[in-house]
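Peer 1: Below you will find the structure I want to go over with you.
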Amino acid sequence: MDIFFQQLFNGLTIGSVYSLVALGLTLVYGILHIPNFAHGALYMMGGYITLTMMQTLGLYYWLAIFVSIVVVGLIGVLMERLVFHHLRHAPPIHDKIAAIGMLLFLEAFAHRVWGADYLEMATPHGQVVSVFGITFTLQRLIIIVAAVLVMFTLYLFLKKTYMGMTVIAMSQNRAGANLVGVNTNKVAMLTFFISGALAAIAASLSSPINLVFPGMGHLVILKAFVIIIIGGMGSIPGAIVGGYILGFTESLGATYISSDYKDIIAFILLVLILTIRPNGLFAKGGQS
Amino acid sequence: MKHIKKVAWLLLVVMFLSLLAACNTEGEEGSSGETQEVSIGYSGPLSGPAAYYGEATFTGLELAVDEINEAGGFDVDGQNYTIDLVSLDDQYLPNEAASNAQRLVEENDVSVVYTPHSGGIMAQQVLNEQEEFMIMAYSSEPAITEQGNSLTVAIPPRYDGYIAPFTEYAMENHGNKIALLPTSSQYGKDWNERLEPYWQEQGGEVVFNSSIDFNKDTDFFTILTNALENDPDVIFIGGPSQPTAKVAQQARELGFEGGFIIMDQAKLDEMKDVTGTYETFEGSVGVNPLQYSDYPGTAEFLEKYQEEFDKVPGSEAGFHYISAYILVEAMKAAGTVDDAHAIREHMQQGIEALPEDKKVYDIPGILDEGNFDVIQSMAVVENGEVVPVDID
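Residue numbers (full-length UniProt numbering), protein chains in the order written: chain D, 1 to 288; chain V, 1 to 392.
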């Protein structure tokens, strides 16, 4: 029984990271209908910036994360301003090509600036804790709690503030939002900022349990796409639930079925869910 | 006016053509006494996920070539040569490595191509005998020389030499239950296929057998939890040093107290940089990091490399460095820089002529099938320190 709870915890840890990455991806998709392939690169930048802040400026872990959130958020805004904004009337394929271009650019940039080495991000919370037969490090507990906090804050922001509501309005109906006076440009920038910020948080939280390197975005981006397809493209609860579902499937599937086939299990799940609900678990009815 | 323009054009074209011709003759014949350039090719992962490894291999080669050129090149048959190192990126892909080799042969007229990964080497072996270029192969995979390619030189020691001593050490010190958790690359699987039967032959038991995909897994807790559920005494891990170190670290966090058998791809000193201490790897056995080796040329190489690249070199850099010097000596002995067969046949003389101060490793000779006969050594971690151990 111990192993079941241990794996549940492991699944929760990894699911939290997946959810945060998928949230950023789904937000952008919901509003601009752009599959942002460069989202993994934003995740990678988040890891590097936090690490650089800690190493060169000697900032404390949490302060470094804050800087990283702002910087990566701004990179997201820059992406929107310099690239996606200009492509808003272009055929959808142009957005996709541009996104892949930015992915390559950012990876090459990281390679140039920080080198190809794997870098270690030291966490001040590396203590090992053992409770009720479950072993974990404090950092993992922080990942889980922080993810929930971030999701809750995002929920409050979207539902309770005026700015947040404009984001929702625009995802429901872009033209309609524009008609009632929502500044769609501002909302687009805001969305990219939040998306970058979420990527930075996810990367900064998970880097101490893995490493920081130019290709780190690939670890999560493919899974994030699976998650937003499971959850329904553009759906926020879908991204959260989908992330946890994938995390649990991986850890429990690896334990009770086979660790060699855990990726296949995740994709079988994807096929099953799409068979029953072709638009994903939380697809919005009607428009979009 | 039109006429003048035409004539001017004609003159320009003629001048350009004669310039080209001049270049050509210089490249092909040249008058003796003048220094010529000989091109040596390199195809490896200079970008992408394995760029770190590519850089480690290429820098060793680069350092040797720069040194040779700065010292005024080398003489073959009365003709002085300097080396032009031409590198192409293959992103670790076999097909790219093969087409790079083709390009190097056609465009740069190379007779030697360095490649640091078994997939690329095997892809090049399809065409190297026909195109007459020699592969300086950096891979410990035994299969690259077992097929009897006449123009392949395998630089590092074969990994199958490690299996018996690693097994013996781990069984003696920890016990006979092993969990196999190497990287899921072809290389990791090949290692696994040789280790698993040997372990069982020695009376050991394999309690868990899986692999880790470092390109896909963000966290190793899940797979380690399952492996440790079977209560192993030893865990076999491997892959790039840094993520492999993370696997070991997380195994310790989950309470594993046994030893690790570390695949030769990962280096103990680089792993330590991640965890900050050798204590994580207490009781482990792996290959001996170059910086703890004590061959005649090791210390000087370490110093030069650190000065140039500001980091401690691994065995990849060391082996590439020494092999470049051996190659130059072999060219001297063969009396040619572009006959791949002759160079290959004079490798033994090249090794023998290697200056003492370049001996970063101890290589007495080359085996018939093309492997450098490197004196192997391994290292174990005891009381938080790396202890080199000779393999007999």
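From the three backbone atoms N, C-alpha and C, an ideal C-beta is built for every residue, glycine too.
Going by Cα to Cα distance, which pick from D:Leu-8, D:Val-220, D:His-94, D:Ala-110 is closest to V:Ala-51?
Peer 2: The shortest C-alpha separation from V:Ala-51 is found at D:Ala-110.
Peer 1: Quick check on DSSP: helix, strand or coil for V:Tyr-159?
Peer 2: coil
Peer 1: Short of 8 Å in beta carbon distance, which residues of its chain neighbour D:Gly-15, apart from the five on each side in sequence? Order them along the chain.
Peer 2: Gly-243, Tyr-244, Ile-245, Leu-246, Gly-247, Phe-248
Peer 1: In the DSSP assignment, find the alpha helix (DSSP H) that holds D:Ala-200 and state where it starts and stops.
Peer 2: 184 to 206
Peer 1: I'd like the list of long-range same chain contacts for V:Leu-354, defined as Cβ closer than 8 Å, with 5 residues on each side in sequence excluded.
Peer 2: Ile-322, Tyr-325, Ile-326, Glu-329, Ile-363
Peer 1: Name the chain V residues that come within less than 8 Å of D:Gly-215, Cβ to Cβ?
Peer 2: Gly-48, Pro-49, Asn-215
Peer 1: Run down chain V in chain order and give the residues with a C-beta less than 9 Å from the C-beta of D:Val-220.
Peer 2: Within 9 Å Cβ-Cβ: Thr-218.
Peer 1: Measuring alpha carbon to alpha carbon, tell me which residue in D:Thr-123, D:Ile-265, D:Leu-20 is nearest D:Met-54.
Peer 2: D:Thr-123
Peer 1: Give a yes or no on whether the minimum CB-CB distance between D:Ala-110 and chain V is below 7 Å.
Peer 2: no
Peer 1: What are the start and end residues of the beta strand (DSSP E) that includes V:Asn-80?
Peer 2: Looking at the DSSP string, the run of the beta strand (DSSP E) that includes V:Asn-80 is 79 to 89.
Peer 1: Should V:Gln-130 be flagged as near chain D, meaning a C-beta pair shorter than 7 Å?
Peer 2: no
Peer 1: Starting from D:Ile-49 and walking both ways along the alpha helix (DSSP H), at which residues does that stretch end?
Peer 2: 39 to 56
Peer 1: Short check: CB of V:Ile-262 to CB of V:Ser-293, under 7 Å?
Peer 2: no
Peer 1: Out of D:Met-44, D:His-86, D:Arg-174, which one is the CA nearest neighbour of D:Met-216?
Peer 2: Its Cα nearest to that of D:Met-216, the residue D:Met-44 stands out among D:Met-44, D:His-86, D:Arg-174.
Peer 1: So is V:Tyr-305 in contact with chain D if we call contact Cβ pairs under 7 Å?
Peer 2: no
Peer 1: Taking its Cβ as the centre, do 16 or more other Cβ atoms sit within 10 Å of V:Ile-212, making it buried, or is it exposed?
Peer 2: buried
Peer 1: Under 8 Å, CB to CB, which of the residues in the region 309 to 326 of chain V have a partner in chain D?
Peer 2: Listed in chain order, the positions of the region 309 to 326 of chain V with a beta carbon within less than 8 Å of a beta carbon of chain D would be empty, since no residue qualifies.
Peer 1: Is V:Gln-242 close to chain D, meaning its C-beta is less than 7 Å from at least one C-beta of that chain?
Peer 2: Yes, contact with chain D.
Peer 1: Straight-line CA distance for residue 301 of chain D to V:Val-274?
Peer 2: The question about residue 301 of chain D has no answer, for chain D in this structure spans 1 to 288.
Peer 1: Using the Cα positions of V:Val-337 and V:Glu-132, report the straight-line distance between them to the nearest angstrom.
Peer 2: 13 Å
Peer 1: Who pairs with V:Gly-44 in a beta bridge, going by DSSP?
Peer 2: V:Asp-89
Peer 1: Please look up how many angstroms separate the CB atoms of V:Phe-256 and V:Ile-235, rounded, as I've assumed it's under 8 Å.
Peer 2: 7 Å
Peer 1: For V:Thr-152, which residues from the same chain have a beta carbon less than 8 Å from its beta carbon, with the 5 sequence-adjacent residues on both sides left out?
Peer 2: Ile-121, Gln-125, Asn-128, Met-134, Ile-135, Ala-137, Ile-144, Thr-145, Gly-370
Peer 1: Let me know the secondary structure DSSP gives V:Ala-137 once reduced to three states.
Peer 2: Reduced to three states, the DSSP call for V:Ala-137 is strand.
Peer 1: For V:Pro-289, name the three-state secondary structure that DSSP assigns.
Peer 2: coil
Peer 1: Under the assumption that D:Leu-190 contacts D:Val-167 (Cβ atoms under 8 Å), give the Cβ distance between them as a whole number of angstroms.
Peer 2: 6 Å
Peer 1: Could you round the C-beta distance between V:Ser-150 and V:Asp-90 to whole angstroms and report it? I think they count as a contact, below 8 Å.
Peer 2: Between V:Ser-150 and V:Asp-90 a beta carbon distance of about 23 Å is seen, past the 8 Å cut, so the two are scored as non-contacting.
Peer 1: Give me the chain D residues within the contact set of V:Val-274, using Cβ-Cβ distance strictly less than 8 Å, ordered along the chain.
Peer 2: Neighbours of V:Val-274 in chain D, taken as residues whose beta carbon is under 8 Å from its own, are Tyr-118, Glu-120, Leu-211 in chain order.
Peer 1: Between V:Ser-140 and V:Leu-181, which are expected to be in contact by the criterion C-beta below 8 Å, what is the C-beta distance as a whole number of angstroms?
Peer 2: V:Ser-140 to V:Leu-181, Cβ: 19 Å. No contact.
Peer 1: For chain A, is any of its Cβ atoms less than 7 Å away from the one on D:Ser-259?
Peer 2: Checking the listed chains, one finds no chain A in this structure; the protein chains it contains are D and V.
Peer 1: Bridge partners for V:Glu-382 per DSSP, in chain order?
Peer 2: V:Glu-385
Peer 1: Give me the residue from D:Ser-207, D:Met-121, D:Ile-194, D:Val-182 with the minimum Cα distance to D:Val-150.
Peer 2: D:Ile-194
Peer 1: Between which residues of its own chain and V:Glu-26 is the CB-CB distance below 6 Å, once the five residues before and five after are set aside?
Peer 2: At V:Glu-26, the pLDDT of 43 sits below 50, so the modelled position is not reliable and the matter cannot be decided from this model.
Peer 1: Can you give the Cα-Cα distance for V:Val-65 and V:Tyr-81, rounded to whole angstroms?
Peer 2: 12 Å
Peer 1: Taking a Cβ distance cut-off of 8 Å, strictly less, list which residues of the region 242 to 274 of chain V are near chain D, in chain order.
Peer 2: Cβ contacts with chain D: Gln-242, Pro-243, Lys-246, Gln-250, Glu-253, Leu-254, Gly-255, Asp-273, Val-274.
Peer 1: Quick one: grab the DSSP three-state call for V:Val-374.
Peer 2: coil
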